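Letter by letter, the sequence shown follows residues 1197 to 1406 in the working numbering.
Cβ coordinates follow ideal geometry from the N, Cα and C atoms, glycine included.
Bear in mind the structure is a predicted one, so any value in this text is a computation, not a measurement.
Data first, discussion second: the structure below is written as structure tokens.
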Amino acid sequence: MRIAIVTETSTAARNKVIVDALSAVCRNDEIYNVGMKGVEGEPELLIYETGFLTALLLNLHCVDFVIGGCGTGQGYFNCALQFPGVTCGLIREAVDAWIYPRINSGNCVSLMLNQGYGWAAEKNLEFIFEKLFNAEFGGGYPPQRKEPQKKIREKLALVSACTHVDFSRIISVIDEEIFRNVVNFPGVLDFIKMHTRIKDGPYIALMERI
1197 MRIAIVTETS TAARNKVIVD ALSAVCRNDE IYNVGMKGVE GEPELLIYET GFLTALLLNL
1257 HCVDFVIGGC GTGQGYFNCA LQFPGVTCGL IREAVDAWIY PRINSGNCVS LMLNQGYGWA
1317 AEKNLEFIFE KLFNAEFGGG YPPQRKEPQK KIREKLALVS ACTHVDFSRI ISVIDEEIFR
1377 NVVNFPGVLD FIKMHTRIKD GPYIALMERI
């Protein structure tokens, strides 16, 4: 699996902890640290900008899964869900991470990285990633609910297609400051150019706007 970490400004100091915890669990996966790194002098990515970055990475097929978050987890969760092609789960503890892939089978999670963040928090992150990435996505919980839950996800995808503007259009009209701050963030554009697997409408719209 190709997994991206996108960190915003209020939790940039947690970036290394997330990278270390994920790397300890997902040794056979490709891990990309695309957002803020928590290093001195780097530009900021605000929470709504990491939401747009998440949508870019998923809709341009650069990665399969995105890990983000914020102080409470709620803000990034809501920002990510403003965009088509993003199915985000709010993960606060390991049992959330155990259930989410089985029932919701999404492509993004939001972590709570300031509220309640205390002693052994790095181990909690590691436990979350162990449960999240050692599950059968769409496996169902309880197992006999696998097929009904699959049908629910399919219906939700149809609803999302009806209620969201095409992502190519979003790229064309999204606020200029958001667009520039994300695309010009160090390494982002090079990453997209290198890792986009399907260079269709959204990729073309991005290149045209640049």
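| Beta-carbon proximity of L1309 to I1263, cut-off 8 Å | In this structure, I1263 does not lie closer than 8 Å to L1309 by Cβ.
| Is it true that the segment 1332-1344 meets the segment 1224-1243, where meeting means three or more beta-carbon pairs spaced less than 8 Å apart? | When Cβ pairs closer than 8 Å are counted between the two stretches, the segment 1332-1344 is seen not to touch the segment 1224-1243, the count staying below three.
| M1155 versus C1304, L1402, A1357, residue with shortest Cα-Cα distance | Here the chain covers residues 1197 to 1406 and nothing more, so residue 1155 does not appear.
| query | If L1252 sits next to T1205, beta carbons under 8 Å apart, how far is it from one beta carbon to the other, in whole angstroms? | reply | About 18 Å separates the two Cβ atoms, so there is no contact after all.
| Can you name the residues that DSSP bridges to V1305? | Under the DSSP definition of a beta bridge, V1305 partners with I1263, G1285.
| request: List the DSSP bridge partners of I1201. | output: Answer is N1229, I1263, bridged to I1201.
| message | When you compare the CB positions of I1199 and D1216, do they come within less than 8 Å of one another, or not? | response | For I1199 and D1216, no; Cβs fall outside 8 Å.
| task | Just tell me which of E1322, N1377, F1329, K1389 has its CA closest to the CA of I1295. | result | Ranking the options by Cα distance to I1295, first place goes to F1329.
| How many Å lie between F1381 and P1338 at the Cα? | Each residue's Cα considered, the two are about 42 Å apart.
| message | Quick check on DSSP: helix, strand or coil for D1436? | response | For residue 1436 there is no data in the structure shown, the boundaries of the chain being 1197 and 1406.
| task | Pull up the CB-CB distance for Q1278 and G1302, whole angstroms please, since I reckon it's below 8 Å. | result | The beta-carbon distance between Q1278 and G1302, rounded to whole angstroms, is 15 Å. This is too long to meet the 8 Å contact definition.
| D1216 by DSSP, collapsed to three states: which one? | For D1216, the secondary structure class from DSSP, reduced to helix, strand or coil, is helix.
| query | For I1299, which option in A1331, L1254, H1391, I1400 has the closest C-alpha, if you only look at C-alpha atoms? | reply | Of all alpha-carbon atoms in A1331, L1254, H1391, I1400, the one lying nearest the alpha-carbon of I1299 is that of A1331.
| said: Just to confirm the assignment, what range does the alpha helix (DSSP H) spanning L1353 have? | reply: In the sequence as displayed, the identity of residue 1353 is Ala instead of Leu. Following the DSSP letters along the chain, one finds A1353 inside the alpha helix (DSSP H) bounded by residues 1342-1359.
| task | State the Cα-Cα distance for the pair S1368 and I1394, rounded to the nearest angstrom. | result | Cα-Cα distance, rounded: 18 Å.
| said: Alpha carbons only, please: which of G1285, K1319, I1366, Y1272 is nearest the one belonging to I1400? | reply: When each option's Cα is compared against that of I1400, the closest is I1366.
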